[in-house]
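All residue numbers in the sequence shown are consecutive under the working numbering, ending with 309. Each residue gets a CB set at the ideal place from its N, CA and C atoms; glycine is no exception.
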Amino acid sequence: MKLITLPHIKVHNANAMSSPYTIGFPAMTAWLGAVHALQRKLQIQGFEQIRFDAVGVVCHHLDLQTHKDVNAYESVIIGTANPLDKSGKRPSFIEEARCHLEVSLVLEYQGIYQNEMADFLTKLSEILSTLKMASGDILSFKTPVATVVNDETQHRKLMAQLMPGYALIERKELMQEAMEAGQDALDALLDGLKVTHSSQIDEAGLVTWTSSRAQSGWIVPIATGFHGISELGKAQHQRDSETLHRFAESLVTLGEFKMTYRITNLNQLLWRYQTDLTNNLYFCTQTQHNISQ
């Protein structure tokens, strides 16, 4: 498998509101969208055959811009304010959830020959420095690296280079199992995230508290795409007059942050676009199944 690694990209003020009801790590559509924009700019610069078929996301650091007082239960968003107006008052503004983070992206590619790889990586670095990712500004990144992974040794070497870091993988099968057992989607999502606290009292009267979750691992809600809720058609003032438009809502499922040394197959790491026009779904997904804990 031919891969390009974009190591340690530091992003400032990325959009942390991944869906209308989840705040945290940016949506997968944001990362794949940024890579798609990178691909289009590279094609314009003379690399017409370049294709990025899949994207892996590894998080090294995340600083969610929230604050919680010592005795408070809820956190609040740290917002930015507009300058004072002529009357000395603060104009109204829309609160936005932001985060500063550092990630590495692993891109599966095709369309570049080895003899043009040096020029390609140089141009990629130039374009990457001008892009935004997840609506955030790219502050810095390390030199992109092209690798070919064909055996276990090369796979382990790549995973070691991404350490310390957590790869975001898909765990939608947890929701599917719960929904097949009779739960609706929201209950299945919440049951996968909730923490259950219980206590025991021994003969001496000592109370011991324990906490548990339905599944082991760092399970989180992730936004992976969109579900069309209207028919395809033309909308007034739409930006692209040639493409049919439809209203859509976010798709949210379960994911897991897993240390990269525990990734045994690259399909566990790489995300791809997929459509299901029968059910009006446009989403990012992985091809891995039955991930061992």
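- Under DSSP, residue 239 forms a beta bridge with 268.
- Here residue 181 has 74, 75, 76, 120, 276 as same chain residues with Cβ atoms under 7 Å from its own Cβ, once five neighbours each way along the sequence are excluded.
- Straight-line spacing of the CA atoms in residue 272 and residue 208 works out to 11 Å.
- A contact is defined here as three or more CB-CB pairs under 8 Å, and the segment 276 to 296 meets this definition with respect to the segment 182 to 201.
- Secondary-structure assignment with DSSP links residue 78 through a beta bridge to 117.
- For the alpha helix (DSSP H) assignment, the uninterrupted runs of no fewer than 4 residues enclosed by the segment 160 to 210 are, from N- to C-terminal side, 168 to 177, 188 to 196, 201 to 209.
- Of the other Cβ atoms in all chains shown, 16 or more fall within 10 Å of the Cβ of residue 178; this residue is therefore buried.
- Residue 108 holds the alpha-carbon nearest to the alpha-carbon of residue 100 among 169, 108, 217.
- The Cβ neighbour count for residue 234, taken over all protein chains shown within 10 Å, is under 16; the residue is labelled exposed.
- It is roughly 6 Å from the alpha-carbon of residue 165 to the alpha-carbon of residue 171.
- Within 10 angstroms of the beta-carbon of residue 214 lie fewer than 16 other beta-carbons, which makes it exposed.
- The C-alpha of residue 134 lies about 29 Å from the C-alpha of residue 45.
- Residue 289 carries a strand assignment under DSSP once its states are collapsed to helix, strand and coil.
- Assigned with DSSP and collapsed to three states, residue 252 falls in coil, not helix or strand.
- Per DSSP, the beta bridge partners of residue 31 are 114.
- Under the 10 Å beta carbon count, residue 31 is surrounded by 16 or more other beta carbons and is classified as buried.
- Only residues of its own chain outside the window of five on either side were considered, and among them 243 have a CB closer than 6 Å to the CB of residue 297, listed in chain order.
- The shortest C-alpha to C-alpha distance from residue 36 to any of 23, 126, 264 is the one to 264.
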